[in-house]
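4 protein chains.
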Amino acid sequence: MQLGVVGLGRMGANIVRRLHRAGHNCVVYDRDPKPGEALARDGAVNVGDLKEMVAKLEAPRAIWIMLPAGEITETTLADLAAMMSPGDTLIDGGNAFWKDDVRRGRELEAKGLHYLDIGTSGGVHGLDRGYCLMIGGDKATFDRLEPIFQALAPGKGGIEPTKHREGRNPTAEQGYLHCGPAGAGHFVKMIHNGIEYGMMQAFAEGFDLLRNASAKDGLPEEYGFDFDVAEIAEVWRRGSVVTSWLLDLTAEALAADEELGAYSGHVSDSGEGRWTVQAAIETATPAEVLTSSLYTRFRSRKDHTFAEKILSAMRAGFGGHVEPKKQG
Amino acid sequence: MQLGVVGLGRMGANIVRRLHRAGHNCVVYDRDPKPGEALARDGAVNVGDLKEMVAKLEAPRAIWIMLPAGEITETTLADLAAMMSPGDTLIDGGNAFWKDDVRRGRELEAKGLHYLDIGTSGGVHGLDRGYCLMIGGDKATFDRLEPIFQALAPGKGGIEPTKHREGRNPTAEQGYLHCGPAGAGHFVKMIHNGIEYGMMQAFAEGFDLLRNASAKDGLPEEYGFDFDVAEIAEVWRRGSVVTSWLLDLTAEALAADEELGAYSGHVSDSGEGRWTVQAAIETATPAEVLTSSLYTRFRSRKDHTFAEKILSAMRAGFGGHVEPKKQG
Amino acid sequence: MQLGVVGLGRMGANIVRRLHRAGHNCVVYDRDPKPGEALARDGAVNVGDLKEMVAKLEAPRAIWIMLPAGEITETTLADLAAMMSPGDTLIDGGNAFWKDDVRRGRELEAKGLHYLDIGTSGGVHGLDRGYCLMIGGDKATFDRLEPIFQALAPGKGGIEPTKHREGRNPTAEQGYLHCGPAGAGHFVKMIHNGIEYGMMQAFAEGFDLLRNASAKDGLPEEYGFDFDVAEIAEVWRRGSVVTSWLLDLTAEALAADEELGAYSGHVSDSGEGRWTVQAAIETATPAEVLTSSLYTRFRSRKDHTFAEKILSAMRAGFGGHVEPKKQG
Amino acid sequence: MQLGVVGLGRMGANIVRRLHRAGHNCVVYDRDPKPGEALARDGAVNVGDLKEMVAKLEAPRAIWIMLPAGEITETTLADLAAMMSPGDTLIDGGNAFWKDDVRRGRELEAKGLHYLDIGTSGGVHGLDRGYCLMIGGDKATFDRLEPIFQALAPGKGGIEPTKHREGRNPTAEQGYLHCGPAGAGHFVKMIHNGIEYGMMQAFAEGFDLLRNASAKDGLPEEYGFDFDVAEIAEVWRRGSVVTSWLLDLTAEALAADEELGAYSGHVSDSGEGRWTVQAAIETATPAEVLTSSLYTRFRSRKDHTFAEKILSAMRAGFGGHVEPKKQG
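Residue numbers (the working numbering), protein chains in the order written: chain A, 1227 to 1554; chain B, 1227 to 1554; chain C, 1227 to 1554; chain D, 1227 to 1554.
Here it is as structure tokens:
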């Protein structure tokens, strides 16, 4: 099939490459001409602007936008919508807020255009392993573009089949799924990332405990450990209940440097973690773990909070407790 | 009444003073002779060692130990128990772990001695306001020493009586209570402190939010605040639902310096907060808020956790995300 | 001064009564004519519709709307704005979302009208104790209406003055405060309620622990307590660190029935708790305690969560653990 | 090698079977003669009491105890220790509290006996997949018994090797590890289970959100989803960041019944989750996620908490809010 791809950062470029490997044809564009020129050497049609892209695609067109969520995605969608024809499809494969997808789906539908929102997971390894695709939008459009999703998804691979799935939707086993109407794809991806935050934090706390339990002093006398966290991560990779890709990655990082000395401890967060908490509030779902995982990241980026100073001030007030004062 | 008091730090000395004001007589001892000499000028009998204290007290004796929890309290109790006579009473007014009280109560009872464990709240203000006393041990011993407790407790004061209390135990309204057998006093004090942690953290988070909502940039455009947290703390002292002593103390600290610039943000924790979590585990009681309040303090004392570095390492592993690296 | 009041539920009616006691004159309206008729007997001018209210007030007018947040408040504000004249003031004293205030302030300013958003705390006791008022909007309008706020606020009362306040804003000590531009009043009230949630949850967990520690069996052997939670709440009211109005209310409820047998355990939540978490996310402020307090309420309203069933299903999957199955 | 195995429940019996498959010889005992008789048919030597077991084993003996943690394990260890000879080894492969291992290691060492504590993960699937073994005790004893561990562990299998492991301990890649002195094995297993709790809760909250976002009413208007959680679990198994064994198990359970209708929602917890929190407290490690995961299980086993009733009582007190009352 023919697909337009706008935004040729690492993710966008790798999507093009994976599609080409599967025999699809991509028309590509990026503000920076270099990545498109590189992809052209592999057979992509590199164009100079959006207008040229629309011209180069045969109707009904499908254009996949892979840009940072926000302003740039919105304007690109609007610009393309103005040039495209009824029956054409716009796809946002970035990390949009799902309510924006709901809105866009309605706006584009009013113009006779189709819209798909696709959450993709797989990161830097997706080119080789394939991307897990969570797709929202109308089902007929999903069906029409299914060859694209088949090519991008990991496929069944060597993974053991899940029992009790006789008669169920076969696409999930290939690694792509139509999740529901516009917004459903990014909603499912958002929850995926929320779970990812929680799993990461579970491992992080566990390894922190192992390290702190290896402290030389200040602990109850039974503690006399000197745990090798790299070896522990490795042993858990075989036969334990916590086997997971995140554990594999942790084992690799710890094998390279058990101290993780290159990292300062500042941890960024992205929109998905925050939107997950918002969804918890809106649906009245207790989500302690997903929320704590986000708050840990907020805290990691501060030297100290005003909250902590308030605690010290109260302690001085009622008990005369003297906390370590600021130097200087 | 006559009371022996061992340990003349701020709390111990103030207890002696408050008892003297009420007409009781104290025999006092501390390893450091100075505080005892000062109290002697106010009428206390200052002695040079525990043996002399026991000798100076008339049977049935009562000795109140006000020392740091742990080793020193244990040995002092053991030393005194060896010198005292059946029918005498030992009191631990410090911050002991309640299970130690259960054990001590049994050990001393086997020797014919009585034991009371008393949790005291009131801090540096107790000399004038009185101490809230939570008392464990046998009821008859509590009854015999009640004049001591009456003198130390705040009394009814100007506080509005609680409705529906007709026919209830009048001592609670005076600020002292027999809570149950040995251990009950420190258990109730432990829970008191657990609640205190939670209330403090609630205020701390609230004021932190007000400060962060006053940031000059990086916030959604509706934020354009410049809150005066000292004034907000003050206005809440009148008629609001959060009126409390802790708010009074916060208002005072913020009035002195709205930035709380003297505090580094390191917050200590004491045994009670930790034992509260242990009790939550032992009784299978979900105690999110009390536990989070403790964890916040743990976190406040670290520059960064290994947990946070694990998160960064995973993010680099699956997404190639580059966190700010450590300098140098 | 003259004030229009729209919405004569318990809060609205009590505000009118408190203003009348202080010599102010209110023109009142409610869709239900009865509360207005009752207030008319105390001297209020009861009108039949909003148009009549506007007519009965002398310019520059001030109208206080005290209606449930949402649709009804929005339409009432819009209807009044259409009838009022430049220089007039609209006040929302309900529990609006602060971003709605920011928007309204801009819209009304464009029409030459003033807008104040007022968060009020004090609940059913406000008529007698006075209301704590947190006020947003332009300062000149606040200044002009200050006599109204003085009459509604609790005043200095018998509360001990806060140290270090020399030279500070005197209104906070009276119980009312101009907090900043439109939205600031409800923002501060929102944070107040967030803190309230946290304090409530701290007490709730503490008393839950005392109850569970009094269980007859299933506990480690040191537990042999039978705590009287009503007495413990009462004793903490005197001299302890957790003294607070919320403790007073808890002591009263427990004195009436230590089992709290009338309550099912379902706990509602209002917008403020949810918006507080939203503000935590938007300002990247870790707010574990305020958030947990909200999630506890979510959980209290469910028999069981799907989350719990997922846990059981996993346990069966890896360990063959058999959880208690559903009956029937 | 020859190994004695005491306790022939599912885990103990499967360990014997897996050892026999690898050519080792087991002398087995259980109070219930039946499982031993069954194993005897596969070549095990089934004995009638502990004395006979000791007699049947050649020195230096090694006996693996696989009994429920607590009393029965303690007395069996003591009984065997009394019969065994210097140089012999006792192994606890159950779920002991790690501080018990520290104590036992010292006690047995004083008698010239060796002690290993082994945490095993793998559950009902371990017979075929192998068991992940976390081992504490003296290194020489570990070395001597290594053939046993090799046989029980999963081995390298088809799992992709971890980068950067050149020159590292090869046993971790086989699925067994000497973690440190006595106690280290069960400590590492305890942390493993703590992480397991956190990961499970992350998935549980995520799927709960997907279900609640599919509610037919009561949600903001953008929500119009009807998510098929079985398909979503399946699609995440391929290429996503949350791929893990726990996800595989969840996908299987949801494929069988998307409603999980067989489960009541009551979730048990075992010692490891509780001990993990205790270790967090003792090492001053913030462990929000691991702790919340435990508290969720506590809460799942209650209809309502006293905490929730306290909240309702306060709300009635300050706001006159009427919560749904208990029926009848």
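Positions of the beta carbon are idealized from the N, C-alpha and C atoms, including for glycine.
Residues of its chain near Gly1411(A), where Cβ-Cβ distance is below 6 Å and the 5 sequence neighbours each way are ignored | Leaving aside the five residues that flank Gly1411(A) on each side, the residues in its chain whose CB is nearer than 6 Å to its CB run, in chain order, Asp1343, Ile1344, Gly1345, Met1360, Ile1361, Gly1362, Cys1405.
With DSSP collapsed to three states, give me the class of Val1468(A).
-> DSSP places Val1468(A) in coil when its eight states are reduced to three.
Does the beta-carbon of Arg1541(A) have 16 or more other beta-carbons within 10 angstroms, so that it is buried, or is it exposed?
-> By the neighbour-count rule (16 or more Cβ atoms within 10 Å), Arg1541(A) is buried.
Note down the Cα distance separating Asp1364(D) from Gly1296(D), rounded to an integer number of angstroms.
-> Those two C-alpha atoms are separated by around 23 Å.
Glu1372(B): which of Gly1233(B), Tyr1449(B), Ala1288(B), Phe1433(B) sits nearest, CA to CA?
-> If we check each option's Cα against that of Glu1372(B), Ala1288(B) comes out closest.
Where Gly1499(C) falls: helix, strand or coil (DSSP) | Residue state for Gly1499(C) is assigned as helix, using DSSP reduced to three classes.
Other residues of its chain near Gly1262(B): CB distance less than 8 Å, five sequence neighbours each side excluded = Here the set comprises Leu1234, Val1254, Tyr1255, Asp1256, Ala1270, Asn1272, Val1273.
Got a sec: is the Cβ-Cβ distance from Arg1527(A) to anything in chain C below 9 Å?
-> Chain C contact via Cβ: present.
Under 8 Å by beta carbon: chain C residues contacting Gly1383(D) = Close partners of Gly1383(D) in chain C (Cβ separation under 8 Å) are lacking, with about 18 Å as the shortest Cβ gap.
Got a sec, what are the start and stop residues for the alpha helix (DSSP H) Leu1353(A) sits in?
-> 1352-1355 is the span of the alpha helix (DSSP H), which, as asked, contains Leu1353(A).
Tyr1402(C) lies in the beta strand (DSSP E); which residues open and close that run?
-> Element bounds for Tyr1402(C): 1402-1406.
Check Glu1341(D) in the structure and name its three-state DSSP category.
-> Checking the sequence, you will find Tyr at residue 1341(D) rather than Glu. Strand at Tyr1341(D).
Partner residues on chain C for Thr1469(B), Cβ-Cβ distance less than 8 Å = What Thr1469(B) touches in chain C: Ser1470, Trp1471.
Who are the near neighbours of Thr1522(A) in its chain, counting only those whose CB is closer than 7 Å to its CB and skipping five residues on each side?
-> The answer, listed in chain order, is Gln1427.
Close beta carbons around Val1455(C), own chain, < 7 Å, minus the five adjacent residues each side | The answer, listed in chain order, is Phe1433, Leu1436, Arg1437, Leu1480, Glu1484.
Just the Cα atoms here: how many angstroms apart are Glu1549(A) and Arg1525(B)?
-> So the two alpha carbons sit approximately 15 Å from each other.
Per DSSP, Glu1504(B) forms a beta bridge with which residues?
-> The sequence given here places Gln at residue 1504(B); Glu does not occur at that position. Per DSSP, none; premise fails for Gln1504(B).
Output the distance between the C-alpha atoms of Gly1465(D) and Thr1469(A), rounded to the nearest integer angstrom.
-> Looking at the two C-alpha atoms, the distance is approximately 15 Å.
Expected contact under 8 Å - CB spacing of Glu1422(D) and Val1328(A) to nearest Å | Between Val1328(A) and Glu1422(D) the Cβ distance is about 36 Å, and since that is not below 8 Å, they are no contact.
The beta strand (DSSP E) spanning Ala1439(D) covers which residue range?
-> No beta strand (DSSP E) contains Ala1439(D), which DSSP labels as neither H nor E.
Taking the Cβ atom as the reference point for each residue, do Ala1430(A) and Glu1534(B) lie within a distance shorter than 9 Å?
-> Against a cut-off of 9 Å, the Cβ pair of Glu1534(B) and Ala1430(A) comes out as a contact.
How would you write the range of the beta strand (DSSP E) that Tyr1255(B) sits in, first residue to last?
-> Tyr1255(B) -> beta strand (DSSP E) spans 1251-1255.
Quick one: is His1412(C) near chain D, going by C-beta distance under 9 Å?
-> By the rule that beta-carbons nearer than 9 Å mark a contact, His1412(C) does not touch chain D.
Within 9 Å of chain B by C-beta, residues of the region 1279-1292 of chain A in sequence order = Contact annotation: in the region 1279-1292 of chain A, no residue has its CB less than 9 Å from a CB in chain B.
Quick one: which residues of the region 1411-1439 of chain B get their C-beta closer than 7 Å to a C-beta of chain C? List them in chain order.
-> Cβ contacts with chain C: Phe1413, Val1414, Ile1417, His1418, Gly1420, Ile1421, Glu1422, Gly1424, Met1425, Gln1427, Ala1428, Phe1429, Glu1431, Gly1432, Asp1434, Leu1435, Leu1436, Asn1438, Ala1439.
Can the beta-carbon of Ala1539(D) be found less than 9 Å from the beta-carbon of Leu1486(C)?
-> A contact, by the Cβ cut-off of 9 Å.
Where Met1540(D) sits in the DSSP three-state scheme = Three-state result, Met1540(D): helix.
Where do the ends of the alpha helix (DSSP H) carrying Leu1371(C) lie?
-> That residue, Leu1371(C), is in no alpha helix (DSSP H); it is neither H nor E in DSSP.
For Ala1322(D), count neighbouring C-beta atoms within 10 Å of its own C-beta (all shown protein chains included) and say buried if the count is 16 or more, exposed if not.
-> Under this definition Ala1322(D) is a buried residue.
Hey, how far is the Cα of Pro1407(B) from the Cα of Asp1326(B)?
-> Pro1407(B) and Asp1326(B): Cα-Cα distance of roughly 13 Å.
Listed by chain order, chain A residues near Glu1457(C) by CB distance under 8 Å | Result: empty, since nearest Cβ-Cβ is about 23 Å, beyond 8 Å.
Using a C-beta cutoff of 9 Å, does Asp1495(B) count as contacting chain D?
-> Judged by the 9 Å Cβ criterion, Asp1495(B) is in contact with chain D.
Once you ignore the five residues that flank Lys1498(A) on each side, which residues in its own chain have a CB closer than 6 Å to its CB?
-> As written in the sequence, residue 1498(A) is Glu, which differs from the Lys given in the question. Within the same chain, Glu1498(A) has close Cβ partners Met1416, Asn1419.
Ser1311(A) classed as buried or exposed, judged by whether at least 16 other C-beta atoms fall within 10 angstroms | Flag for Ser1311(A) reads exposed.
Could you spell out where the alpha helix (DSSP H) holding Gly1349(B) opens and where it closes?
-> No alpha helix (DSSP H) holds Gly1349(B); DSSP gives it neither H nor E.
Give a yes or no on whether 9 Å exceeds the smallest Cβ distance from His1530(B) to chain C.
-> Judged by the 9 Å Cβ criterion, His1530(B) is not in contact with chain C.
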